[in-house]
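I have placed the structure first, in the form of structure tokens, so that the comments after it can refer back to it.
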Amino acid sequence: MRREQYKDFDATELFCSKCRRAVPVRKRLLLVLSNGNKYDYTCTFCGTSVGDKMVTERDNLRVLLK
Ligand SMILES: [Zn+2]
């Protein structure tokens, strides 16, 4: 079994509409659901939510960006 998990996504920079540039993001556990966890990503500079990610056990990774 592979155990790479979410490393790649944690290092990803996302575009912040306030800063108008790609910014490093802070990951925060938002919701714990029966079929997976939902994480929220916020800009480390201004704190704006720049995206969220739904992690399900079935799909491994699914990224939902606003
Ligand atoms: Zn920002």
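Start counting at 1 in the sequence shown, then tack on 53, and there's your number in this note's numbering.
C-beta atoms are modelled at their ideal positions from N, C-alpha and C, and glycine is treated no differently.
Bear in mind that the values here come from a model prediction, so they are computed numbers and not experimental data.
**Study point:** Exposure label - Lys106; buried when at least 16 CB within 10 Å
**Key:** buried
Point to revise | Straight-line Cα distance separating Cys99 from Leu86 | key: 28 Å
Check your understanding: So, is Asp61 buried or exposed, given that buried needs 16 or more other C-beta atoms within 10 angstroms?
Key -> Its pLDDT being 49, under 50, Asp61 is placed unreliably by the model, and nothing is read from it.
**Study point:** Heavy atom of ligand 1 within 6 Å of Leu65 beta-carbon
**Key:** Note on residue identity: the sequence assigns Thr, not Leu, to residue 65. Thr65: no, Cβ never under 6 Å from ligand 1.
Exercise for review: Express the C-alpha separation of Asp93 and Lys119 in angstroms, rounding to a whole number.
Suggested key: Note that Lys119 has pLDDT 49, beneath the 50 cutoff, so the model's placement of it is unreliable and the number below is only indicative. CA-to-CA, the gap between Lys119 and Asp93 works out to about 11 Å.
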